[in-house]
Amino acid sequence: MTHAPLFIALDMNNEKTAMDFLERFEDVRPDLKVGMELFYSAGPKLVHDLKERGHHLFLDVKCHDIPTTVGKTMKQLASFGVDVITTHAIGGKEMLVAAREGIEAGTPAGANRPKLIAVTALTSTTEHMLKQDLLIQENLKQMVHHYTTRTVEAGLDGVVCSVHEVAMLRKTFGHDLYTLTPGIRNHDSNLHDQKRAATAEEAKISGSSAIVVGRAITEHNDPRIAYEAMLSQWKGMSVSS
231 MTHAPLFIAL
241 DMNNEKTAMD
251 FLERFEDVRP
261 DLKVGMELFY
271 SAGPKLVHDL
281 KERGHHLFLD
291 VKCHDIPTTV
301 GKTMKQLASF
311 GVDVITTHAI
321 GGKEMLVAAR
331 EGIEAGTPAG
341 ANRPKLIAVT
351 ALTSTTEHML
361 KQDLLIQENL
371 KQMVHHYTTR
381 TVEAGLDGVV
391 CSVHEVAMLR
401 KTFGHDLYTL
411 TPGIRNHDSN
421 LHDQKRAATA
431 EEAKISGSSA
441 IVVGRAITEH
451 NDPRIAYEAM
461 LSQWKGMSVS
471 S
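The working numbering puts the first residue of the sequence shown at 231, with every later residue one more than the last.
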């Protein structure tokens with residue numbers, strides 16, 4: 231089965247709302263991102279139900295804790311049969327290694343191991359926040375590059391980063407690195423809390439492996455049309471939704 235390089239962010243607070251939204255796609259089974267809000271509300275049953283429907287699934291729970299806890303958590307998450315799982319790169323190399331080992335241990339025999347990717351910097355992060363709130367003196371690109379280096383050394387599959395760092399990472403790590411870029415918007419969209427957003431075309435040009443799109447699809451009057459328009463934008467065809 232071929233998967234589109236686009237995950238729709240199901241940033242909703244209950245299973246019914248999510249399922250009602252997906253019914254609007256009829257026979258289409260888009261790739262989906264389930265984040266913390268929906269997962270903590272609906273739990274593993276939702277994940278199972280979405281996989282049964284045939285969706286390619288990104289479980290975005292951003293695990294960040296001591297290495298032992300993260301390793302045990304990842305072992306449990308790997309048993310759910312999802313396709314992509316996140317942890318936080320800021321947890322350090324030892325934690326990242328534990329996360330990978332947990333994923334490997336928890337993947338059922340004969341099943342494909344989920345991609346494990348590390349969040350480098352949230353798209354809401356700014357240079358000001360980095361220095362004033364987090365006391366990190368390197369700039370964002372330096373930090374993302376460093377975190378990606380540690381992620382690769384730990385044996386993970388890739389990273390979550392903004393479109394603005396992808397080209398830099400490709401120069402160092404090549405095209406084997408899986409780069410997932412959130413914060414994707416239409417040209418005229420409200421950025422909300424995304425400080426480093428971009429369009430689907432910009433993501434494709436930069437070399438992103440896949441993108442995450444939320445409000446531009448979920449808040450559209452016809453989400454299926456918005457989804458197809460965003461895919462067309464990724465392919466380089468300018469289509470208005």
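The C-beta atom is built at its ideal place from N, Cα and C for all residues, glycine as well. Predicted model, so just to flag it, every value in this text is computed and none were measured.
Residue range 274–283 is occupied by the alpha helix (DSSP H) that includes VAL277. Residue burial annotation: THR316 is buried, with at least 16 other C-beta atoms found within 10 angstroms of its C-beta. Short of 6 Å from the beta carbon of LEU352, and not among the five residues preceding or following it, lies no beta carbon of its own chain. Between MET460 and VAL442 the beta-carbon gap is near 11 Å, outside 8 Å, which marks them as no contact. Taking all protein chains shown into account, TYR270 has fewer than 16 neighbouring C-beta atoms within 10 Å of its C-beta and is therefore exposed. In the DSSP assignment, LEU326 falls within the alpha helix (DSSP H) that extends over 323–336. Secondary structure of HIS318 (DSSP, three-state): strand. Ranked by how close their Cα comes to the Cα of ALA335, the residues GLY322, GLN306 and LYS323 have GLN306 in first place. Counting of Cβ neighbours within 10 angstroms places LYS361 among the exposed residues, the total staying below 16. DSSP places LYS263 in the strand class (E or B) of the three-state scheme. Pairing ILE455 with GLU253, the inter-Cα distance amounts to about 14 Å. When rounded, the separation of the alpha-carbon atoms in THR379 and GLY388 is 10 Å.
Approximately 5 Å separates the beta-carbon atoms of VAL300 and MET325; this is inside 8 Å, confirming the contact. Under DSSP, ASP290 takes part in a beta bridge, and its partners are GLY265.
Going by C-alpha positions, VAL390 is about 10 Å away from VAL396. Annotated three-state conformation of PHE237 is strand, per DSSP.
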